[in-house]
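First up is the structure itself, then whatever we jot down about it.
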Amino acid sequence: MPVRLASGAVTQFAVLDALLAGVYSQGSPVADVRAAGDTGVGCCEGLGGEVVIVDGELYECTADAPPRLMTDDEVLPFVDVCRLGDPVAEPVTGLDLPGLDAAVQERLVSRNLFHVMRIDGVFAHVLTRVTRRQRPPFRPLADVAAEQLETTTRECAGSLVGFWMPRIYQGITVAGLHLHFLSDDRMVGGHVLDVRLRQGRLRLSAFADLFLRLPRDGEFLTTELTHDDDHRIVAVENRGGHTASAEE
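Quick note on my numbering: the sequence shown kicks off at 1078 and runs consecutively.
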């Protein structure tokens, strides 16, 4: 499948290393995020859940209720968003998470470019996580993720949305494949830890531009961020620490 080099840019609000340092008390308005694109992933204020952006709508996925539409005045401490456009959709079947990762990497225009992907389909198994909203003093993301709530959903129609980012941007963003899920019935969603696709249609677009919008609040401006070992991000984005679990 030829992958299109799309016009426009991936817009990112804030940087991942800020979350790792516990700097997430403020954020960008949903209205600004919506203006920047129709497809993306992010996290909620105070790390109180995960955000999935599909078809221009932002859904908040929390531990205590089904996903809900967000309003323009709510804020998000970290988001990646772009306009998916109209790339050619390719049928894909029988992929687990490593298989999906490999399928995306096989189709990259370049490992130095930014790619957005979306799969709409039927899933035999999706393991998602959300984190619980934090209160001051805010803890580092790794500590919060160690208490994440995991949900296993079986035989479900829905959408996988996410980005593949070049390794050199680790810490600015999440390098490699970063996926969120939203079910068609809007009953479950979150950051994807594991997945098994029965059948679906993959759309993938590449971008040569990343537009970075940094926070301007006092906490961000006075906290010097440094990027340490990558293992912190790998642990948070995969499956780190002791977790509670829920079955649907």
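Ideal Cβ placement from N, Cα and C applies to all residues, glycine included.
Because the structure is a prediction, the values reported are computed rather than measured.
Leaving out five residues on either side along the sequence, give the residues of the same chain with a beta carbon under 7 Å from the beta carbon of residue i.
{"i": "Val1221", "result": "Leu1124, Thr1208, Gln1211"}
{"i": "Gly1133", "result": "Arg1111, Asp1115"}
{"i": "Pro1217", "result": "Leu1097, Ala1098, Gly1099"}
{"i": "Leu1174", "result": "Asp1271, Val1272"}
{"i": "Val1313", "result": "Leu1218, Ala1219, Ala1222"}
{"i": "Phe1215", "result": "Gly1099, Tyr1101, Ser1102"}
{"i": "Leu1172", "result": "Ala1180, Leu1274"}
{"i": "Gly1239", "result": "Val1118, Met1194, Leu1254, His1255, Leu1256, His1257"}
{"i": "Tyr1246", "result": "Ala1252"}
So, using beta-carbon positions, are residue i and residue j closer together than 9 Å?
{"i": "Cys1159", "j": "Val1087", "result": "yes"}
{"i": "Arg1280", "j": "Leu1177", "result": "no"}
{"i": "Gly1248", "j": "Asp1094", "result": "yes"}
{"i": "Gly1099", "j": "Phe1155", "result": "no"}
{"i": "Val1269", "j": "Cys1233", "result": "no"}
{"i": "Gly1129", "j": "Pro1144", "result": "Just to set this straight, residue 1129 is Val in the shown sequence, not Gly. In this structure, Pro1144 lies closer than 9 Å to Val1129 by Cβ."}
{"i": "Gly1277", "j": "Thr1205", "result": "no"}
{"i": "Tyr1304", "j": "Val1118", "result": "With the sequence shown as reference, residue 1304 is identified as His, and Tyr is not the correct amino acid for it. Contact flag unset, no."}
{"i": "Val1131", "j": "Arg1195", "result": "yes"}
{"i": "Ser1236", "j": "Asp1262", "result": "no"}
{"i": "Ala1113", "j": "Pro1164", "result": "no"}
{"i": "Ala1018", "j": "Phe1297", "result": "No answer is possible for residue 1018: the residues shown for the chain start at 1078 and end at 1325."}
{"i": "Cys1120", "j": "Leu1153", "result": "yes"}
Provide the residue span of the beta strand (DSSP E) that contains residue i, from first to last.
{"i": "Gly1266", "result": "1266–1284"}
{"i": "Gln1089", "result": "1087–1090"}
{"i": "Arg1206", "result": "1191–1207"}
{"i": "His1255", "result": "1253–1260"}
{"i": "Leu1287", "result": "1287–1290"}
With a CB to CB cut of under 6 Å and the five nearest residues on each side skipped, what residues in its chain are close to residue i?
{"i": "Ala1201", "result": "Arg1273, Arg1275"}
{"i": "Thr1320", "result": "For Thr1320, the pLDDT reaches just 37, beneath the cut-off of 50, and the residue's location in the model is therefore unreliable, although a value from the coordinates is still provided. The answer, listed in chain order, is Gln1225, Glu1227."}
{"i": "Val1080", "result": "Arg1184, Val1186, Leu1281, Ala1283"}
{"i": "Asp1286", "result": "Ala1086"}
{"i": "Trp1241", "result": "Val1181, His1192, Leu1254"}
{"i": "Gly1126", "result": "Glu1137, Cys1138, Thr1139, Val1207"}
{"i": "Met1166", "result": "Reading off the sequence shown, one finds Ala at residue 1166, where the question assumed Met. Here the set comprises Arg1278, Arg1280."}
{"i": "Asp1109", "result": "none"}
Measuring only between beta-carbons, confirm whether residue i sits less than 9 Å from chain D.
{"i": "Tyr1101", "result": "No chain D is part of this structure, which consists of one protein chain only."}
How would you write the range of the alpha helix (DSSP H) that residue i sits in, first residue to last?
{"i": "Leu1298", "result": "1295–1299"}
Residues in the same chain with beta-carbon distance under 8 Å from residue i, minus the five sequence neighbours each way, listed in chain order, please.
{"i": "Pro1213", "result": "Ser1102"}
{"i": "Pro1243", "result": "Arg1188, Asn1189, Leu1190, Phe1191, Ala1252"}
Are three or more beta carbon pairs between the segment 1136–1145 and the segment 1188–1201 nearer than 8 Å? Between the segment 1136–1145 and the segment 1188–1201, the count of C-beta pairs closer than 8 Å stays below three; the two stretches do not touch.
For the segment 1234–1252 against the segment 1290–1298, do three or more pairs of beta-carbon atoms, one drawn from each stretch, fall closer than 8 Å, so that the two count as touching? By the Cβ criterion, the segment 1234–1252 is not in contact with the segment 1290–1298, since fewer than three pairs of Cβ atoms, one from each stretch, lie closer than 8 Å.
Enumerated in chain order, which unbroken segments of the beta strand (DSSP E) with a length of 3 residues or greater are wholly contained in the segment 1212–1251? Whole beta strand (DSSP E) segments, 3+ residues: 1226–1242.
Start-end ranges of the beta strand (DSSP E) lying completely within the segment 1097–1174, minimum 3 residues: Within the segment 1097–1174, the complete beta strand (DSSP E) runs of at least 3 residues are 1116–1120, 1127–1131, 1134–1138, 1155–1159, 1167–1170.
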